[in-house]
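Novice: Numbering (numbering that gives the first Met the number 0) for the sequence shown: 0 to 123.
Note that the Cβ used here is the ideal one computed from N, Cα and C, for glycine as well.
Values in this document were obtained by computation on a predicted structure and should not be read as measured data.
One structure, pasted below without further comment.
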Amino acid sequence: MKYIRQFTIILAVSFLGEILHALIPLPIPASVYGLVLMLAALCTGMIRLSHVEETADFLIEIMPVMFIPAAVGLLDSWSSLRPVWIPIILITLITTIIVMAVTGRVTQRMIRLSHASKEEDTKN
0 MKYIRQFTII LAVSFLGEIL HALIPLPIPA SVYGLVLMLA ALCTGMIRLS HVEETADFLI
60 EIMPVMFIPA AVGLLDSWSS LRPVWIPIIL ITLITTIIVM AVTGRVTQRM IRLSHASKEE
120 DTKN
């Protein structure tokens, strides 16, 4: 019963994201609205992490399976992709490296700020 309740909460937040997507005329996917709503609900305490944690972990574990239809779609459209596959691979590699570098830098900065604030707290 716990998992059904957790899944219902996640679906409700996703549905609210769909509603926002229909109401707000911005080119933002409904899933992004849902993620922002979930983040806001978790940060404000409207939803506790324990209310969705196990089901969210399960959904993250099965996420790779969700990419299989997209991969099959790419294979199905190989004739269209054949002339441009080298630029696509290069762009994918370059952007992946950039995202990894930026994520690493941001994470390092946040860890340093966290350590600095902990040191200030111990001094006071």
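Looking only at C-alpha atoms, which of Cys42, Pro63, Leu19, Gly44 sits nearest to Tyr32?
Specialist: Leu19
Novice: By the 10 Å Cβ neighbour count, where 16 or more other Cβ atoms means buried, how is Val64 classified, buried or exposed?
Specialist: The residue is exposed, with fewer than 16 neighbouring Cβ atoms inside 10 Å.
Novice: Return the first residue and the last residue of the alpha helix (DSSP H) that Arg104 is part of.
Specialist: Per DSSP, the unbroken alpha helix (DSSP H) holding Arg104 starts and ends at 84 to 122.
Novice: In whole angstroms, give me the CA-to-CA distance for Glu52 and Pro82.
Specialist: Roughly 44 Å between the two C-alpha positions.
Novice: Do you know how far the Cα of Ala21 is from the Cα of Ser79?
Specialist: Straight-line Cα distance between these residues: approximately 32 Å.
Novice: Can you tell which of Thr54, Thr121, Glu119 has the C-alpha that lies nearest to the C-alpha of Ile8?
Specialist: Thr54
Novice: Considering only their Cβ atoms, is the gap separating Val12 from Met37 smaller than 8 Å?
Specialist: yes
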